[in-house]
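Undergrad: Structure provided below as structure tokens; questions to follow.
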Amino acid sequence: MNDITQAADQAGAEGTAPATVPVYFPTGHSARMVNVRRLIEQVAPFNTSVLVTGESGTGKEWVARYVHLLSPRADKPFVPVNCGAIPADLLESELFGHEKGAFTGAISARVGRFEAAEGGTLFLDEIGDMSLPMQVKLLRVLQERIYERVGNNRPRECDVRIIAATHRNLEAAIGSDGFREDLYYRLNVFPIELPPLRERLEDLPDLIANIIERCRNAGLSPVQITPGAIRILKHYSWPGNIRELSNLLERLCVLYPGTAVDIPQLPTRYTAAAPLRESDRQEVAAARAAGPRPQDIELPDAGLPLKEYLEQIEVALIRRALHEANGVIAHAAQKLQVRRTTLAEKMK
Numbered sequence: 316m317n318d319i320t321q322a323a324d325q326a327g328a329e330g331t332a333p334a335t336v337p338v339y340f341p342t343g344h345s346a347r348m349v350n351v352r353r354l355i356e357q358v359a360p361f362n363t364s365v366l367v368t369g370e371s372g373t374g375k376e377w378v379a380r381y382v383h384l385l386s387p388r389a390d391k392p393f394v395p396v397n398c399g400a401i402p403a404d405l406l407e408s409e410l411f412g413h414e415k416g417a418f419t420g421a422i423s424a425r426v427g428r429f430e431a432a433e434g435g436t437l438f439l440d441e442i443g444d445m446s447l448p449m450q451v452k453l454l455r456v457l458q459e460r461i462y463e464r465v466g467n468n469r470p471r472e473c474d475v476r477i478i479a480a481t482h483r484n485l486e487a488a489i490g491s492d493g494f495r496e497d498l499y500y501r502l503n504v505f506p507i508e509l510p511p512l513r514e515r516l517e518d519l520p521d522l523i524a525n526i527i528e529r530c531r532n533a534g535l536s537p538v539q540i541t542p543g544a545i546r547i548l549k550h551y552s553w554p555g556n557i558r559e560l561s562n563l564l565e566r567l568c569v570l571y572p573g574t575a576v577d578i579p580q581l582p583t584r585y586t587a588a589a590p591l592r593e594s595d596r597q598e599v600a601a602a603r604a605a606g607p608r609p610q611d612i613e614l615p616d617a618g619l620p621l622k623e624y625l626e627q628i629e630v631a632l633i634r635r636a637l638h639e640a641n642g643v644i645a646h647a648a649q650k651l652q653v654r655r656t657t658l659a660e661k662m663k
């Protein structure tokens with residue numbers, strides 16, 4: 316269950332759990348998403364720096380991957396770095412690499428992300444969280460196309476396309492001396508702004524179909540979300556945006572594999588946000604009172620490995636608890652009504 320441990324680490328650093336089902340195509344037929352795809356297709360063939368902005372969970376990395384996929388660099392590496400999840404004193408080594416003995420604990424030389432992305436694309440996520448001293452070093456690389464490993468003064472040339480992303484207002488950060496103006500203009504050559512999910516709810520059916528297909532490709536048994544359930548989901552504000560939607564759909568695929576998910580199967584937080592019709596309200600109330608129903612889960616003719624199935628449910632619930640507890644194991648254990656030591660053991 317190392318993936319759960321990694322989710323907890325990242326949740327603590329980012330304040331939210333990572334989506335485990337990747338979706339690289341910016342889906343949707345809304346006018347704003349059609350415009351986003353048009354911008355991607357316009358800038359992809361060039362080496363122009365791109366700055367993707369939008370709230371957390373709106374799919375900024377998806378956009379970066381799609382730009383890379385459509386670019387002449389598509390057969391070269393795409394290397395993502397979350398600048399906000401790496402301690403400031405380690406970010407230089409992470410980006411530029413280091414030599415053996417460069418600092419305490421450097422027992423061997425290490426390739427940095429710039430070197431790993433050579434010829435391809437380096438995606439700098441949460442660039443707004445980068446420290447000012449590190450911004451100076453990044454600016455020099457963008458200007459001169461050279462860098463040095465930590466512990467080595469020999470300049471190394473780099474051929475890397477930079478795509479940066481942030482949920483912060485960098486122009487406001489410039490005014491408060493939190494971000495360098497010269498670096499901002501270097502990165503913001505071609506801006507792409509992603510709308511939050513609540514402002515493009517007409518895209519919800521397309522997104523649901525896309526994400527469920529990715530769940531299928533990831534080995535999960537897909538569910539079918541009924542029109543009634545989609546109607547309810549359109550009333551929700553989606554503070555976690557597409558990342559929250561991905562987490563919900565993965566959870567439903569684990570809990571109700573191969574079945575149709577209707578209003579009663581949706582978690583309370585989603586049904587509570589919508590004005591339910593009286594028939595819906597009665598059905599939800601009856602389902603809540605009855606608890607989980609065996610008929611909600613389809614048993615294949617060939618049977619299923621019960622132990623493996625139960626482990627999948629346990630993993631999904633632990634991920635959800637860690638997400639809601641912002642990665643704090645003690646708080647997640649309280650939600651799951653188990654001892655902290657028990658949860659920590661299950662995460663190993």
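598 is the number that this note's numbering gives to position 283 of the sequence shown; each next residue is one higher, with no gaps.
A virtual CB, placed ideally from N, CA and C, is assigned to each residue, including glycine.
#1: From R546, P554, V465, L625, pick the residue whose C-alpha is nearest to that of P572; which is it?
#2: I want to know whether the stretch 542 to 556 touches the stretch 513 to 532 - three or more CB-CB distances under 8 Å.
#3: Out of curiosity, what's the CA-to-CA distance linking L354 and V365?
#4: Once the 5 residues before and after A659 are set aside, which same chain residues still bring their CB inside 7 Å of it?
#5: According to the Cβ coordinates, are R476 and N397 closer than 9 Å?
#6: Between the Cα of E514 and those of Q357, G369, K661, A359, spot the shortest distance and give me the residue it belongs to.
#7: Just to confirm, are Q450 and F494 a CB contact at a threshold of 9 Å?
#8: Can at least three beta-carbon pairs, one atom from the stretch 471 to 486 and one from the stretch 442 to 456, be found at a separation below 8 Å?
#9: Since Q539 sits in a beta bridge, which residues does DSSP pair it with?
#10: For P360, write down the residues that DSSP places opposite it in a beta bridge.
#11: Which class does I526 belong to by DSSP, given the choice of helix, strand or coil?
#12: Would you please state the rounded distance, in angstroms, between the beta carbons of V378 and H413? I believe it to be under 8 Å.
#13: Tell me the rounded alpha-carbon separation between P470 and E463.
#14: Residues in the same chain with beta-carbon distance under 7 Å from A431, minus the five sequence neighbours each way, listed in chain order, please.
#15: Per DSSP, E472 forms a beta bridge with which residues?
#16: Do V538 and A575 have their CB atoms nearer than 9 Å?
#17: For a minimum of 4 consecutive residues, which ranges assigned as the alpha helix (DSSP H) are wholly contained in the stretch 375 to 443?
#18: Specify the secondary structure class of L581 as computed by DSSP and reduced to three states.
#19: Within the same chain, show all residues whose beta-carbon is closer than 6 Å to that of S386, passing over the 5 residues directly before and after it, in chain order.
#20: Are the Cβ atoms of R558 and S345 separated by less than 9 Å?
#21: Please classify L453: does DSSP put it in a helix, a strand, or coil?
#22: If you drop the 5 nearest sequence neighbours on each side, which residues of the same chain put their C-beta closer than 6 Å to that of G434?
#23: Between which residues of its own chain and E486 is the CB-CB distance below 8 Å, once the five residues before and five after are set aside?
#24: Looking only at its chain, what residues have a beta carbon closer than 7 Å to the beta carbon of L581, apart from the 5 residues adjacent to it on each side?
#25: CB-CB under 6 Å to L406, same chain, minus the five flanking residues each way: which ones, in chain order?
#26: Using three-state DSSP, classify D647 as helix, strand or coil.
#27: So what does DSSP say about A488, is it helix, strand or coil?
#28: Which residue comes first and which comes last in the beta strand (DSSP E) that contains L366?
#29: Grab the span of the alpha helix (DSSP H) containing E626 for me, first residue to last.
#30: Between L512, T342, L621, R529, which lies nearest to Y551 when the distance is taken from Cα to Cα?
#31: For G343, collect the residues of the same chain with a Cβ closer than 7 Å to its Cβ; drop the 5 residues on either side in sequence, then sort them by chain order.
#32: Give the straight-line distance between the Cα atoms of T373 and F438, rounded to the nearest whole angstrom.
TA: The relevant details are as follows:
#1: Among R546, P554, V465, L625, the Cα nearest to that of P572 is on L625.
#2: Note that the stretch 542 to 556 touches the stretch 513 to 532; at least 3 beta-carbon pairs, one per stretch, sit closer than 8 Å.
#3: Cα to Cα, the separation comes out at about 10 Å.
#4: If we look at A659 and ignore the five residues flanking it on each side, its Cβ neighbours are I644.
#5: In this structure, R476 lies away from N397, with their beta-carbon atoms at least 9 Å apart.
#6: The residue with the shortest Cα to Cα distance from E514 is G369.
#7: With respect to the 9 Å criterion, Q450 and F494 are classified as neighbours on the basis of their beta carbons.
#8: A contact is defined here as three or more CB-CB pairs under 8 Å, and the stretch 471 to 486 meets this definition with respect to the stretch 442 to 456.
#9: In DSSP, Q539 forms a bridge with A575.
#10: DSSP output for P360 lists no bridge partner at all.
#11: Helix, per DSSP.
#12: That pair is no contact at about 31 Å.
#13: Note on geometry: alpha-carbon atoms of P470 and E463 lie some 5 Å from one another.
#14: So the list reads P392, V394, once near-sequence residues are dropped.
#15: Per DSSP, the beta bridge partners of E472 are I461.
#16: Yes, the Cβ-Cβ distance between V538 and A575 is below 9 Å.
#17: DSSP runs (the alpha helix (DSSP H)) wholly in the stretch 375 to 443: 375 to 385, 403 to 411, 428 to 431.
#18: In the structure shown, L581 sits in coil (DSSP, three-state: anything other than H, G, I, E or B).
#19: So the list reads A359, once near-sequence residues are dropped.
#20: In this structure, R558 lies away from S345, with their beta-carbon atoms at least 9 Å apart.
#21: The DSSP-derived three-state label of L453 is helix.
#22: The answer, listed in chain order, is K391, D474.
#23: Closer than 8 Å at Cβ, skipping near neighbours: Y499.
#24: Closer than 7 Å at Cβ, skipping near neighbours: A544, I547.
#25: Excluding sequence positions up to five before and after L406, its CB lies within less than 6 Å of the CB of M449, all in the same chain and listed in chain order.
#26: It is worth fixing the name first, because residue 647 is Ala in this sequence and not Asp. In the structure shown, A647 sits in a helix (DSSP, three-state: H, G or I).
#27: Here DSSP, grouped into helix, strand and coil, assigns A488 to helix.
#28: Segment 365 to 368, the beta strand (DSSP E) holding L366.
#29: 621 to 639 is the span of the alpha helix (DSSP H), which, as asked, contains E626.
#30: Of L512, T342, L621, R529, the residue nearest in Cα terms is L512.
#31: Contacts found: R515, D518, D521, L522.
#32: If I take the Cα positions, the gap works out to 16 Å.
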